[in-house]
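If you read the sequence shown in the UniProt record's numbering, its first letter stands for residue 1, the second for the next number, and so on.
Just so you know, even glycine gets a beta-carbon here, dropped at the ideal spot from N, CA and C.
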Amino acid sequence: MKTVLTSTLAVTLLMASQFVSAVTVKDQKGEFTLDSVPKRVVALEYSYVDALAQIGVSPVGVADDNDKTRILQKVRDKVQPWESVGTRSQPSLEAISALKPDLIIADDNRHSAVYEELKKIAPTVVFNSRHENYQENLETAQKIGDLLGKSKEMQARIAKHKQDIADIAKTLPKGKKAIIGVSRETQFNLYNSESYAGGLVEVLGYQMPKARADNQPNASVGLEQVAAEKPDLMILIHYRDESIARKWENEALWKIIPAVKNGQVILANDNLWARARGIDAAEVMAKEVQDFVTKSAK
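Written as structure tokens, this is what we have:
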């Protein structure tokens, strides 16, 4: 009888501990619940690796586009080596399965087509990394902290991050107009306040272009539209060597843009400004703006 009672008590305690550790967050599919803290996480977007790094969690697998340097050095310094599971757009299901994960963090835009397959491998939470803005990214980071049993640690890190960004913002001019442009061979995308980088620059105190009615984070524009923005600061990303913005440099209209005329153009790294998102990424971006503005003011 004593053995039966002991066994019953053990089962009850086990169930209770599982209940206490169960966490539910809202994701792109509705609600997602984990009954225990995951130990083997696969991250299918760069921003998820950034979030995990803030709370001392190393993913076992990352969709790093087969290039580990795509993950920012500041983030890589905080995590252990991982196995590549291929590209973000087409991660290898075989490679993911081989890692025996107990949590997969996927992106709604990139991975909806393989969501059902991912779920067969491990519990899969889906966020909106590719199209989320700066504030939404912080909310996602907190949800990741919650799922990993590190809610307080993530809250503290986000609080520090907000203070660090606020401190940088105090050193920058207020009310100035800024734009972020991503230039390809024949296309120039103007990022607005709903984009990740645009939202960050807005928090730094700059006026960013507002999103159009469709609320898309960027729009393809011509030189006339770029000039019409009359930016005081331009963050320019040449996403390809043969960039249309390089051709525009010879145009009279380009030369009268205030940022161009006054030497206020940051030639930004495409991996940082067009691909990376997350707490560390934002702090590196903000520091880059601060350093440029401080140096150019001398």
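Cβ of I235 within 8 Å of Cβ of E185? With a cutoff of 8 Å on beta-carbon distance, I235 and E185 are scored as not near each other.
Tell me, please, whether the segment 50-64 touches the segment 80-87 by the rule of three or more beta-carbon pairs shorter than 8 Å. yes
Under three-state DSSP, which class holds P91? strand
Using alpha carbons as the reference points, say which of V126, M154, L233 and V42 lies closest to K174. Closest option to K174, judged by alpha-carbon separation, among V126, M154, L233 and V42: L233.
Here's the rule: buried if 16 or more other CB atoms are within 10 angstroms of the residue's CB, otherwise exposed. What is Q163? Answer is exposed; the Cβ neighbour count stays below 16.
Tell me, please, which residues DSSP counts as bridged to I235. I180 and I266
My output table needs one value for K74: the three-state DSSP class, helix, strand or coil. helix
At the level of alpha carbons, what is the spacing between G199 and I96? 33 Å
Ends of the alpha helix (DSSP H) at V284? I279 to A297
Would the beta-carbon of Y196 fall within 8 Å of that of R277? In this structure, the beta-carbon distance from Y196 to R277 falls below 8 Å.
Which parts of the segment 202-234 are runs of the alpha helix (DSSP H), unbroken and 4 residues or longer, counting only runs that do not cross its ends? 223-229
Have a look at V289 and L34 and give me their C-alpha separation to the nearest angstrom. Rounded to whole angstroms, V289 and L34 show a C-alpha spacing of 39 Å.
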